[in-house]
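*Asks:*
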Amino acid sequence: MSFKESCKWIDSRQEDLLNNLMRLSEINSGTSNLEGIKTVADYFRSYFSGTADSISEIQSQSREHTDISGNKIKEEFGNLLSFKKRTEAPIQVLLAGHMDTVFPLSHSFQTPKKLDENTLLGPGVADMKGGILVMLTALQAYEASNHSNQLGWRVILNADEETGSHGSAETLEAAATTADVGLIYEPALADGTLSRARKGSGNFTVVATGQAAHAGREYDQGRNAIMGLYSAAQKLEQLTELENGITVNIARISGGTAFNVVPAAAVLQFNVRCQSVDQQHELDAKMKAVIHETAQQSEVALEISGGFSRPPKSISPANQLLMDWVVESGKQLDIDVQFKDTGGCCDGNNLAAVGLPNVDTLGVLGGQIHTADEFMLINSLTERAKLSLNILQKISEEGDRLQALSKRDNKN
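Each residue of the sequence shown is one higher than the last, beginning at 1364 in the numbering used here.
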């Protein structure tokens, strides 16, 4: 098919795409709902079975972390889906999305509904079941186009993006090393704006161990774990430098038992965000120093765990070229594509960290994600599928330019 014919075919899929999205939104796939994740995976496997050369399921890795009570927890995640086509082609594209949502089975937000002719409310409609449908539709159209033999592609759908991709990061990063371009289908903003550079993000837990004592009889013999953490939290928060894009958010603190007992145990959890890898390394060192210093001063043992699961995403020359292609592809469809930096994170951070130029907000237009007001704009299902089709064709025609530039970036 010609590009014009491909666009007409995509437009003809509008009603079917909406119906599929509503069915997918009705399936709860909160990150911890492994059964729901499997149901969604089976849906996409069936939906896309005739397009890929091969489809496989990849085991996610488990993760051990410390919860707010100080307990070591082993967390299991749903498996990944992998679709491959023409793995021998000289230009390879990695397309990524996530099947999980932030809404557990216990959440009240479980059912989609149309608010008007162009607005669909529902869990995961924007973030990112709608985006995955955009991706798969663009690939189906590409495979029927005149460019289909010019590049190979791989789709990876993970099931733990909303909690940091701890079980899938290794698979994604390995796939990135064999690709030339990354396309990720997080939602664009409701006005169509795409994300450019992204801050890095790390989650940390500090476990405090003090000495219990009777608050009346032996107060002086106690070592207050909560006060040790309180002191550490104040010093950690002071690492914030808004003018340099660094934030330390003290998120949760838990500890203590009865009113008349000096608390012997407490737990602090906090999030750190920064703009560069250099800042990340500096913050790691400063946080360790704060914990060491506070432990000595308070006579409370402090143990810090966690780390940066999302490295900062900066814009390399190869990434800028890819963004220019996205803008150009939009203009050809009368879509005004704009980019702006964001403090949010996604798998695009991790792919960029291993050298893969990527654009990570190619999904539907929407907003209010992670809330019970999550919505998407219905007409963006076909609009963004056509945009992705045009991007794929641009990569088919000029991918060797991006490939060469990316290799130079990674050498530097």
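Cβ coordinates follow ideal geometry from the N, Cα and C atoms, glycine included.
The structure displayed is predicted, hence computed values, not measured ones.
1) Measure the alpha-carbon distance for aspartate 1723 versus methionine 1498 and round it to whole angstroms.
2) For the putative contact between glycine 1441 and lysine 1401, defined by C-beta atoms under 8 Å, what is the C-beta separation to the nearest angstrom?
3) I'd like the list of long-range same chain contacts for glutamine 1424, defined as Cβ closer than 7 Å, with 5 residues on each side in sequence excluded.
4) Under 7 Å Cβ to Cβ from leucine 1768, same chain only, skipping five residues before and after it: list those, please.
5) Do isoleucine 1732 and alanine 1489 have their C-beta atoms closer together than 8 Å?
6) Three-state secondary structure (DSSP) at methionine 1686?
7) Extract the residue ranges of the beta strand (DSSP E) inside the stretch 1542-1612, only unbroken runs of 3 or more that lie entirely within it.
8) Can you name the start and end residues of the beta strand (DSSP E) that serine 1672 belongs to?
9) Can you give me the C-alpha to C-alpha distance between asparagine 1334 and isoleucine 1616, rounded to a whole angstrom?
10) Sort Val1640, Glu1581, Ala1596, Ala1664 by Cα distance to asparagine 1607 and report the nearest one.
11) So for asparagine 1634, helix, strand or coil by DSSP?
12) Identify whether serine 1409 lies in helix, strand or coil by the three-state DSSP scheme.
13) Under the three-state reduction of DSSP, which class applies to phenylalanine 1366: helix, strand or coil?
14) Express the C-alpha separation of glycine 1515 and leucine 1602 in angstroms, rounding to a whole number.
15) Take glycine 1433 and list the residues in its own chain whose beta-carbon comes closer than 7 Å to its own, dropping the five residues that flank it on each side.
16) Identify, in the order they occur along the chain, each residue of the same chain with its Cβ nearer than 6 Å to the Cβ of glutamate 1666, setting aside the five sequence neighbours on each side.
17) If you draw a straight line from the alpha carbon of lysine 1694 to that of valine 1465, how long is it in whole angstroms?
18) For asparagine 1521, report the span of its beta strand (DSSP E) as first-last.
19) Is it buried or exposed, glutamine 1756, if we count other Cβ atoms within 10 angstroms and call 16 or more buried?
20) For alanine 1596, I'd like the list of residues in its chain whose CB is within less than 8 Å of its CB, leaving aside the five on either flank, ordered along the chain.
21) Specify whether the stretch 1447-1456 and the stretch 1504-1521 touch according to this definition: at least 3 beta carbon pairs, one from each stretch, less than 8 Å apart.
22) Less than 8 Å separating the beta-carbons of cysteine 1709 and glutamate 1420?
23) When you compare the CB positions of isoleucine 1495 and phenylalanine 1407, do they come within less than 8 Å of one another, or not?
24) Leaving aside the five residues before and after proline 1720 along the sequence, list all residues of the same chain whose C-beta is less than 7 Å from its C-beta, in chain order.
25) Terminal residues of the continuous beta strand (DSSP E) containing valine 1456?
26) By the 10 Å Cβ neighbour count, where 16 or more other Cβ atoms means buried, how is leucine 1605 classified, buried or exposed?
27) According to DSSP, is arginine 1376 part of a helix, a strand, or is it coil?
28) My guess is that phenylalanine 1738 and leucine 1484 are in contact by the Cβ rule of under 8 Å, so how many angstroms apart are they, rounded?
29) Work out the CA separation of glutamine 1701 and threonine 1394 for me, nearest whole Å.
30) Using DSSP bridges, identify the partner residues of aspartate 1479.
31) Would you mind sorting arginine 1580 into buried or exposed? The rule is 16 or more other CB atoms within 10 Å of its CB.
32) Count the other C-beta atoms from every protein chain shown that fall within 10 angstroms of the C-beta of lysine 1435, then say buried if there are 16 or more, exposed otherwise.
33) Just verifying my parser: in three-state terms, what is the DSSP assignment at arginine 1449?
34) Within the same chain, show all residues whose beta-carbon is closer than 8 Å to that of isoleucine 1390, passing over the 5 residues directly before and after it, in chain order.
35) Can you grab the Cα-Cα spacing for the pair glycine 1563 / aspartate 1374, in whole Å?
36) For asparagine 1773, which option in Thr1500, Ser1751, Ala1735, Ala1716 has the closest C-alpha, if you only look at C-alpha atoms?
*Replies:* So, from the data block:
1) Residue 1723 sits at position 360 when you count from the first residue of the sequence shown. Residue 1498 sits at position 135 when you count from the first residue of the sequence shown. Pairing aspartate 1723 with methionine 1498, the inter-Cα distance amounts to about 12 Å.
2) Your numbering for residue 1441 matches position 78 in the sequence shown. Your numbering for residue 1401 matches position 38 in the sequence shown. Correct: roughly 6 Å between the Cβ atoms.
3) Position 61 of the sequence shown holds residue 1424. The residues are Gly1530, Glu1533.
4) On the sequence shown, residue 1768 is found 405 positions in, with the first residue counted as 1. The answer, listed in chain order, is Pro1680, Ala1681, Leu1684.
5) Sequence index remark: in the sequence shown, residue 1732 carries index 369 (1-based). Sequence index remark: in the sequence shown, residue 1489 carries index 126 (1-based). Yes. Within cutoff.
6) Position 323 of the sequence shown, counted from the first residue, corresponds to residue 1686. Residue state, collapsed to three classes: helix.
7) 1544-1547, 1557-1561, 1563-1572
8) Locating residue 1672 in the sequence shown gives position 309, counting from the first residue. First-last of the beta strand (DSSP E) with serine 1672: 1664-1673.
9) With the chain represented from 1364 up to 1775, any question about residue 1334 goes unanswered, as that position is not in the structure.
10) Along the sequence shown, one-based indexing puts residue 1607 at 244. Nearest C-alpha to asparagine 1607: Val1640.
11) Locating residue 1634 in the sequence shown gives position 271, where the first residue counts as 1. Note: asparagine 1634 maps to strand in three-state DSSP.
12) Here residue 1409 is taken as the residue at index 46 of the sequence shown, counted from 1. Residue state, collapsed to three classes: helix.
13) Taking the sequence shown and counting its residues from 1, the one referred to as residue 1366 is at position 3. Assigned with DSSP and collapsed to three states, phenylalanine 1366 falls in helix.
14) Within the sequence shown, residue 1602 is the residue found at index 239, counting from 1. Within the sequence shown, residue 1515 is the residue found at index 152, counting from 1. Going by the C-alpha atoms only, they are around 45 Å apart.
15) Within the sequence shown, numbered from 1, the residue matching residue 1433 stands at position 70. Closer than 7 Å at the Cβ level, and outside the excluded window around glycine 1433, lie Val1570, Ala1628, Val1630.
16) For the purposes of this step, residue 1666 is taken as the residue at position 303 of the sequence shown. So the qualifying residues of the chain are Val1570.
17) If you number the sequence shown from 1, residue 1694 lands on position 331. If you number the sequence shown from 1, residue 1465 lands on position 102. The alpha-carbon of lysine 1694 is positioned some 34 Å away from that of valine 1465.
18) Here residue 1521 refers to the residue found at position 158 of the sequence shown. Per DSSP, asparagine 1521 belongs to the beta strand (DSSP E) from 1515-1521.
19) Within the sequence shown, residue 1756 is the residue found at index 393, counting from 1. So glutamine 1756 counts as buried.
20) Position 233 of the sequence shown holds residue 1596. Counting only Cβ-Cβ distances below 8 Å, and skipping sequence neighbours, we find Ile1613, Ile1616, Leu1631, Phe1633.
21) yes
22) For this step, residue 1709 is matched to residue 346 along the sequence shown. For this step, residue 1420 is matched to residue 57 along the sequence shown. Not closer than 8 Å, so no.
23) Here the question's residue 1495 lines up with position 132 in the sequence shown. Here the question's residue 1407 lines up with position 44 in the sequence shown. Against a cut-off of 8 Å, the Cβ pair of phenylalanine 1407 and isoleucine 1495 comes out as a contact.
24) As a first step, residue 1720 is located in the sequence shown; it is residue number 357 there, counting from the start. Once the five neighbours on either side are set aside, the close Cβ partners of proline 1720 are Val1544, Gly1545, Ser1679, Ala1681, Asn1682, Leu1685, Leu1765, Ser1769.
25) Against the sequence shown, residue 1456 aligns to sequence position 93. Looking at the DSSP string, the run of the beta strand (DSSP E) that includes valine 1456 is 1455-1461.
26) For this step, residue 1605 is matched to residue 242 along the sequence shown. Label assigned to leucine 1605: exposed.
27) Counting from one through the sequence shown, the residue named residue 1376 turns up at place 13. DSSP places arginine 1376 in coil when its eight states are reduced to three.
28) In the sequence shown, residue 1738 corresponds to position 375, counting from 1. In the sequence shown, residue 1484 corresponds to position 121, counting from 1. Rounded to whole angstroms, the Cβ separation of phenylalanine 1738 and leucine 1484 is 5 Å, and the two are in contact under 8 Å.
29) Position 31 of the sequence shown, counted from the start, is the residue given in the question as residue 1394. Position 338 of the sequence shown, counted from the start, is the residue given in the question as residue 1701. Approximately 31 Å, taken between the alpha carbons.
30) Reading the sequence shown from its first residue, position 116 is the one you call residue 1479. Thr1482.
31) Against the sequence shown, residue 1580 aligns to sequence position 217. By the neighbour-count rule (16 or more Cβ atoms within 10 Å), arginine 1580 is not buried but exposed.
32) By one-based count along the sequence shown, residue 1435 stands at place 72. The residue is exposed, with fewer than 16 neighbouring Cβ atoms inside 10 Å.
33) Taking the first residue of the sequence shown as 1, we reach residue 1449 at position 86. Coil at arginine 1449, not helix or strand.
34) If you number the sequence shown from 1, residue 1390 lands on position 27. Within the same chain, isoleucine 1390 has close Cβ partners Gly1399, Thr1402, Val1403, Tyr1406.
35) Walking along the sequence shown from the start, residue 1563 turns up at place 200. Walking along the sequence shown from the start, residue 1374 turns up at place 11. Cα to Cα, the separation comes out at about 37 Å.
36) Counting from one through the sequence shown, the residue named residue 1773 turns up at place 410. Per the Cα distances, Ala1716.
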